[in-house]
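Asks: Once you know that position 335 of the sequence shown is 332 in this note's numbering, the rest is easy, because the numbers rise by one and skip nothing. No residue lacks a Cβ here, since even glycine has one placed at the ideal position from N, Cα and C. Just so you know, these numbers come straight off a predicted model, no measurement behind them. Have a look at the structure that comes next, please.
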Amino acid sequence: EVLVQSNNPIKIGQNHDVIVVGSGPAGSAASCYAARDGHRVLLVDRATFPRDKICGDALGWKTLSFLREFEMSPEGFTEDVAPFNGLRMSSPNGNDATIILPENSEEYYPEGWCQRREIFDYTLFKKAKEMVEKTGGTVIEGFTVKEIIYSDDKSKILGIRGQKKSTDGSVEHLEFNAPLTIGAGGYNCPVSRSLIGDAFEEPLTNSNHYAAAYRQYWSGVSGCSNQIEVHFIDGIAPGYFWIFPVSDGVVNVGLGSLQKDLDARSMKLRKMMDYVINESPKFAPRFANATPIGNGKGYKLPLGSPRKKSPSGFQPRRSAMAGGMLIGDSASLIDPFSGEGIGNAVHSAKIAISQFSTDYLSEGFPEEAAVEYQKQLWKEMGHEMSHSAMLQTFLRSRFLMNRFVSRVERKEILQNLLFDLTARRTSRDDAPSKIRILFALLF
């Protein structure tokens, strides 16, 4: 590993306006927005880049919008980017369907994109690093946050303490303070663990709103085309099996399911994946001459589905307090239907920085601003999250799942539900109601 150190000197104490913990898409996006607004940012991550990140690797429309906003459109990528023009599906009863993105549409791009997270995240990280340093900020890789610093009465986050590893193996203990600390470190982010679990003593996880996934790269899988694939298989549904192209001859293969369903059936994703690849009559022949690349890896997905009784009173859960915000997976914002999280990560980053006024630089990020951020977050994302949670509920029915796949090729309303996840040009304000979707499925 080569430690890429910030070009600006590391200054301890309060020399930054915003601390961002985590340099994945959420943290890099927040750093870009904050730096664009002229804030001095401290961006830290325990990893050194480039690094792998477990994901399906598909880029949703919000992600594409962010890339274009910062002049990083996928068309400009030169390394291992895979466009796709549609989606292939199959249902437990054996139905197959293929839908193709419209070529000349004002609503949708003609292509979606997949790219390995190792490459995609590194691209975003380099952009964030460039912008952060131009505004006098600092980027530190190999920094592990050990403690979140609070005011004496525990009512406000003041900063972070942690350890920085150097190229010579030595460890340096550092402390930083800022008016705002943003947690963007994923589902196990130290800021979210501290803010939710320690400061407010609320549960960090809920199996009803968590999914688990397992992913492995393969080469030589037969029958692949220019579409992403999502398959609902008996014994695995309501979870799904996916095959996404990521580069020439290489695909991202994975399987995901709600955590509560796995717990109820005492099932392990790795064993389920082994069955699909080695024994399933439909898919085993496609993997007969395929070669795995590296080892498979599992990961957790904190979903943004609305809670019936949220302990904090905020949806989907608490995501801020005085001096601190959570964004992306740290705020449990993964789409409950598709399992895609990058788009909501960059969207929440934009909302977070929009709520941080320069007036707070002297007084700190107050509680009323934290409350407003949480309200605005759900105002902009709540309808979409609730809609996706409804679709997730539909697909828990084997009957409706079979109907969906059998009708999607001839029902535009069903096609658009899927295209909305991958290739929309702008947000949708008129998502179809539960009644309209049910009508399309049944009649």
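1) Under 7 Å between the Cβ atoms of residue 138 and residue 49?
2) Near residue 88, what residues of its chain come up, given a Cβ to Cβ distance below 6 Å and the 5 sequence neighbours on each side ignored?
3) Let me check understanding here. Comparing Cα to Cα, which of 437, 350, 379, 417 lies closest to residue 391?
4) Among the residues of its own chain, which have a CB less than 7 Å from the CB of residue 97, if the five just before and after it don't count?
5) What are the boundary residues of the beta strand (DSSP E) that residue 93 is part of?
6) State the Cα-Cα distance for the pair residue 265 and residue 204, rounded to the nearest angstrom.
7) Going along the chain, which residues of its own chain have a beta-carbon closer than 6 Å to the beta-carbon of residue 136, five neighbours each way excluded?
8) Where does residue 268 sit, in a helix, a strand or coil, going by DSSP?
9) Taking the Cβ atom as the reference point for each residue, do residue 310 and residue 329 lie within a distance shorter than 7 Å?
10) Does the distance from the CB of residue 208 to the CB of residue 255 come in under 7 Å?
11) Where does residue 306 fall in DSSP's three states?
12) Drop a sphere of 10 angstroms on the beta-carbon of residue 334, count the other beta-carbons inside from all chains shown, and report buried for 16 or more, exposed for fewer.
13) Apply the 10 Å Cβ neighbour rule to residue 420 and answer buried if 16 or more other Cβ atoms are within range, or exposed otherwise.
14) Do you know offhand how far residue 219's Cα is from residue 283's?
15) What did DSSP end up calling residue 197 once you bin it into helix, strand or coil?
16) In whole angstroms, give me the CA-to-CA distance for residue 1 and residue 162.
17) In whole angstroms, what is the alpha-carbon distance linking residue 189 and residue 180?
18) I'd like the list of long-range same chain contacts for residue 338, defined as Cβ closer than 6 Å, with 5 residues on each side in sequence excluded.
19) Taking 7 Å as the threshold (C-beta atoms), are residue 358 and residue 14 in contact?
20) Mind checking residue 238: buried by the 16 CB within 10 Å criterion, or exposed?
21) Measure the alpha-carbon distance for residue 316 versus residue 281 and round it to whole angstroms.
22) Whole angstroms is fine: what's the gap from residue 65's alpha carbon to residue 263's?
23) Would you kindly work out how many angstroms separate the C-alpha atoms of residue 276 and residue 113, rounded to a whole number?
24) For the pair the region 49 to 58 and the region 377 to 389, tell me if three or more CB-CB distances fall below 8 Å.
25) With distances taken between CB atoms, is the gap from residue 27 to residue 350 smaller than 7 Å?
26) At a cut-off of 6 Å, would you count residue 254 as near the ligand NAD, judging by its Cβ distance to the nearest heavy atom?
27) Could you give the residue range of the alpha helix (DSSP H) that holds residue 379?
28) Return yes when the Cβ of residue 347 is within less than 7 Å of the Cβ of residue 30, no when it is not.
29) So residue 213 packs on residue 250, CB below 8 Å; how close in whole Å?
30) Just how far apart, CA to CA, sit residue 406 and residue 414?
31) Quick check for students: name the residue ranges of the beta strand (DSSP E) that lie wholly in the region 180 to 261, counting only runs of 3 or more.
32) If you draw a straight line from the C-alpha of residue 192 to the C-alpha of residue 363, how long is it?
33) By the three-class DSSP mapping on this structure, what secondary structure does residue 355 have?
34) Please report the distance separating the alpha-carbon of residue 353 from that of residue 366.
35) Considering just the uninterrupted stretch of the beta strand (DSSP E) at residue 87, what are its terminal residues?
36) How many Å lie between residue 107 and residue 422 at the Cα?
Replies: Once the coordinates are examined:
1) no
2) 229, 398, 399, 402
3) 437
4) 82, 83
5) 93 to 97
6) 15 Å
7) 3, 40, 126, 129
8) helix
9) no
10) yes
11) coil
12) buried
13) buried
14) 5 Å
15) coil
16) Note that residue 1 has pLDDT 40, beneath the 50 cutoff, so the model's placement of it is unreliable and the number below is only indicative. Cα to Cα, residue 1 sits roughly 12 Å from residue 162.
17) 6 Å
18) 326, 331
19) yes
20) buried
21) 43 Å
22) 43 Å
23) 27 Å
24) no
25) yes
26) Although the ligand NAD was asked about, the structure shown includes no ligands whatsoever.
27) 364 to 391
28) yes
29) 6 Å
30) 12 Å
31) 207 to 216, 225 to 228, 237 to 244, 247 to 255
32) 15 Å
33) coil
34) 8 Å
35) 83 to 87
36) 10 Å
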